[in-house]
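What follows is a short report on a single structure.
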Amino acid sequence: MSDDDRELRVSKIRNGTVIDHITGGQALNVLAILGINGSSGEEVSVGMNVPSDRMKRKDIVKVEGRELSQNEVDVLSLIAPAATINIVRDYEVVEKHRVETPSEVVGVLSCPNHNCITTAQEPVESRFEVLDEGVRCVYCDTIIRQNIAEHIEVE
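For the sequence shown, the working numbering assigns the number 1 to the initial residue and increments by one for each residue that follows.
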């Protein structure tokens, strides 16, 4: 098998965002964070568990016609801390940067504590402090260390 036979071939996007170096197996969670479920017609390419020199295995997501907001990038950093965001215009990468984990995320995670003031019955927006290994609700101190993606509120 030649090197050409082992290459991953996915067409370039004209305008949009390429999210590279996603933690292996997290691409579907990335799509959920972005609110992409296939029903709205976005052109999306997904590579899952593809070989990577830097990470052994990685996922990659290409979204045509959409540039991510800072809030979306902040949330992505929680499940894909090594991700690289590439903004593409006219088939050329015009911006490239690694995600940076924010110190706090507001309004994007739901607290698993049913007694927290951020439950659906209360008009209080969720607020989580980002820790080295997880997030902490600033209202009730509940810590989420695993499966953070399950607590993301997708509009």
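Backbone N, C-alpha and C define an ideal beta-carbon position, used for all residues, glycine too.
1. Taking the alpha carbon of S34 as the point to measure from, which residue in I13, E67 and V135 has its own alpha carbon closest?
2. Taking the Cβ atom as the reference point for each residue, do V99 and A83 lie within a distance shorter than 7 Å?
3. Can you give the Cα-Cα distance for L131 and Y139, rounded to whole angstroms?
4. DSSP state of N15, grouped into three classes?
5. Between the stretch 43-51 and the stretch 67-78, do three or more beta carbon pairs fall short of 8 Å?
6. In the DSSP assignment, what are the bridge partners of G41?
7. To the nearest whole angstrom, what separates the beta carbons of D59 and I85, a pair I think is in contact under 8 Å?
8. With DSSP run on the structure shown, which of helix, strand or coil describes E67?
9. Whole angstroms are fine: how far does the CA of R14 sit from the CA of N147?
10. What is the DSSP secondary structure of S110, reduced to helix, strand or coil?
11. Let me know if N20 comes out buried or exposed under the rule of 16 or more other beta-carbons within 10 Å of its beta-carbon.
So, from the listed chains and residues:
1. Ser is not the amino acid found at residue 34; the sequence shown has Leu there. The shortest C-alpha separation from L34 is found at E67.
2. yes
3. The alpha-carbon separation between L131 and Y139 amounts to approximately 15 Å.
4. The three-state reading of DSSP puts N15 in coil, since its state is none of H, G, I, E or B.
5. no
6. None, per the DSSP bridge assignment.
7. Actually they do not touch by this definition, with Cβ atoms about 14 Å apart.
8. coil
9. Distance between the alpha carbons of N147 and R14: 34 Å.
10. coil
11. Checking the sequence shown, residue 20 turns out to be Asp, not Asn. The Cβ neighbour count for D20, taken over all protein chains shown within 10 Å, is at least 16; the residue is labelled buried.
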